[in-house]
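J.: Dropping a structure here in structure tokens format, bear with me for questions.
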Amino acid sequence: MPHVKCLQCRECKSEYPIEPLNACEFCFGPLEVSYDYDAVAKSVSRKSIESGPNTMWRYHDFLPVEKESAVDISTGFTPLIHAKNLGRQLGLDHLYIKNDSVNPTFSFKDRPVSVTTTKALEFEFEVLACVSTGNLMGSVAAHGAKAGMETMVFYPADLEQGKIQGAAVYGPTMVAVEGTYDQANRFCSELADAHSWAFVNINMRPYYAEGSKTLGYEVAEQLGWKAPDHCVVPGASGELHTKIWKGLEEFQGAGLIDKAKTKMHLAQAEGCAPIVEAFESGNTQVKPVRPRTIAKSLAIGNPAAGPYSLEVLRDTGGTGVFAYENSIIDGIRLLAETEGIFTETAGGVVISSLKRLVKQGKIKKDEVTVAFVTGNGLKTLEAMGDFVAPIETKPDLDTFQTKLSNRRD
Ligand SMILES: *Cc1c(COP(=O)(O)O)cnc(C)c1O
Ligand SMILES: [Zn+2]
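Position in the sequence shown (from 1) plus 1 gives the number in the working numbering.
Rendered as structure tokens:
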């Protein structure tokens, strides 16, 4: 653990040792990893990072684990693509897609989970567990398999088949919980007290959250050591949104980039937008909602990092924006048809929200904008509905030619 000092309460600043703890015993505030940033700044440079591996572990100086023991399935350093076609349609000259759907288990969750699994081994846990909106359980199951740990994943029973089978294949114990994610989450908090398991997003949450910072570092490095003008980030618990910003701030603190003036926008789905609703009504607390959205990976009605995500929106001049439910699939298809990238519903939410931000004049033509595509479309096929209308033909030239010219008319 190169430069870690302690865990610290985000509210009252009480300090705790590096242990599997997630809440302050005085004020119940969430705990966060705190670093000796002078030591970090002394040990990193652009050069040292550039000579590291082509994975998220090139940023190990900023992570709370020993890199030698990293449970590494080659996560991170995913492509940042200049999206010229989509940019032209939206009227943006410098639009980039951060395509994090090409991670080993096809979502950005591999970043927080690699850090947590590594930490769980350091703490000598035997069981790795999580409660998931879909992508997390695939990642936990894969990392548990790689680490040789017993693995238990809990999920709301109505998830997409691609997420369920895509986790089951790694051999974890699958637990389908009746009800919403928020109900499953409450149940798992009880379980975490009753069992000595490493619940990646409960008792291990401070370490889990750190992994997502690497998305911020990568984007800055890939833009030529510069922070973008805008980030458009999908939000469920709101953690990813806050951690991309933390990554940019840390890079600035370490002297790797100039002051980041990035506007950090948060995108949610109309049917589950508690953080966006709080933002729009000027509240500092989030009122829980009951999710009704096709974007199941974003269906958290009571978001743990909600207040901090609101803080990031306010501090950076970002906007909370939601995508209409009936525009999510359009967003998926627009990205696929312009850039050749097939994202899941969360990505549809991002693209549709990006469109709204441009229309509202929040993002200008010449500003550098990064849209975060965090999960892969093959996992949410059923959300697409029946949209395929092939030409049906006998293997015969005449039949085909006739049908083709009919189709083109
Ligand atoms: C989990 C998830 C998110 C949201 O992450 P939070 O940190 O909970 O806000 C976004 N996109 C995808 C694809 C996810 O699986
Ligand atoms: Zn506290």
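Even for Gly, the Cβ is constructed at its ideal location relative to N, Cα and C.
Could you give the DSSP three-state label for CYS131: helix, strand or coil?
T.: If DSSP states are grouped into helix, strand and coil, CYS131 belongs with the strands.
J.: Counting Cβ pairs closer than 8 Å, one from the segment 123-131 and one from the segment 194-203, do we hit at least three?
T.: Contact between the segment 123-131 and the segment 194-203 is present, because at least three Cβ pairs lie under 8 Å.
J.: With DSSP as the reference, please indicate the residues paired to GLU33 in a beta bridge.
T.: DSSP output for GLU33 lists GLN9 as bridge partner(s).
J.: When burial is assigned at 16 or more other CB atoms within 10 Å of the CB, is ASP399 buried or exposed?
T.: Label assigned to ASP399: exposed.
J.: Do you know how far the Cα of ARG408 is from the Cα of ILE392?
T.: Each residue's Cα considered, the two are about 8 Å apart.
J.: Just to confirm, is the Cβ distance from LEU376 to SER115 under 7 Å?
T.: Residue 376 is actually Gly in this sequence, not Leu. The answer is no: Cβ separation not under 7 Å.
J.: Relative to ligand 2, what is the chain-ordered list of residues with a Cβ closer than 6 Å to any of its non-hydrogen atoms?
T.: That gives CYS10, GLU12, CYS13, SER15, CYS25, PHE27, CYS28 and GLY30.
J.: For GLY376, is the beta carbon positioned less than 6 Å from some heavy atom of ligand 1?
T.: GLY376: yes, Cβ under 6 Å from ligand 1.
J.: Please state the DSSP three-state secondary structure of VAL350.
T.: Here VAL350 sits in helix by DSSP.
J.: Using only the alpha-carbon positions, how far apart do SER238 and ASN202 sit?
T.: Spanning the two alpha carbons is a distance of roughly 11 Å.
J.: Consult DSSP for PHE343 and reduce its assignment to one of helix, strand or coil.
T.: PHE343 falls in the coil class under three-state DSSP.
J.: Can you tell me the Cα-Cα spacing of ASN55 and THR403, whole angstroms?
T.: Approximately 51 Å, taken between the alpha carbons.
J.: Check for me: the alpha helix (DSSP H) holding THR458 runs from which residue to which?
T.: Absent from the structure is residue 458, since the part of the chain shown begins at 2 and ends at 410.
J.: May I ask which residues mark the beginning and end of the beta strand (DSSP E) holding HIS242?
T.: That residue, HIS242, is in no beta strand (DSSP E); its alpha helix (DSSP H) goes 240-254.
J.: Would THR134 pass as a contact of ALA300 if the rule is Cβ separation under 7 Å?
T.: Yes, Cβ-Cβ distance for THR134 and ALA300 is below 7 Å.
J.: From the beta carbon of GLU338, is the nearest beta carbon of chain C less than 7 Å away?
T.: This model lacks chain C altogether, as it is built from one protein chain only.
J.: For ligand 1, I want to know if PRO80 counts as a neighbour, meaning its beta carbon is within less than 6 Å of at least one of the ligand's heavy atoms.
T.: It does not: the Cβ of PRO80 is nowhere closer than 6 Å to a heavy atom of ligand 1.
J.: Between VAL176 and the rest of its own chain, which residues show a CB-CB distance below 6 Å, the 5 nearest in sequence each way excluded?
T.: PHE155.
J.: Report the three-state DSSP secondary structure of GLU199 (helix, strand or coil).
T.: Just to set this straight, residue 199 is Ala in the shown sequence, not Glu. Three-state DSSP puts ALA199 in a strand.
J.: By Cβ distance below 6 Å, which residues in the same chain neighbour LYS264 in space, the five residues on each side in sequence not counted?
T.: Result list for LYS264: HIS231, THR317, GLY318 and GLY319, in chain order.
J.: Opposite PRO157 in the DSSP bridges: which residues?
T.: PRO157 pairs with VAL178.
J.: To which residues does DSSP link GLN361 through a beta bridge?
T.: Beta-bridge pairing links GLN361 to no other residue.
J.: I believe PHE252 touches ILE258 by the beta-carbon criterion, under 8 Å. Please report the beta-carbon distance rounded to the nearest angstrom.
T.: Contact holds; Cβ gap of about 5 Å.
J.: Should ASP397 go down as buried or exposed, given a rule of 16 or more other Cβ atoms within 10 Å for buried?
T.: It counts as exposed.
J.: Give me whichever residues DSSP pairs with HIS266 in a beta bridge.
T.: Partner(s): VAL233.
J.: Near CYS13, which residues of its chain fall below 8 Å by C-beta distance, leaving aside the five closest residues on each side in sequence?
T.: The residues are CYS25, PHE27, CYS28 and GLY30.
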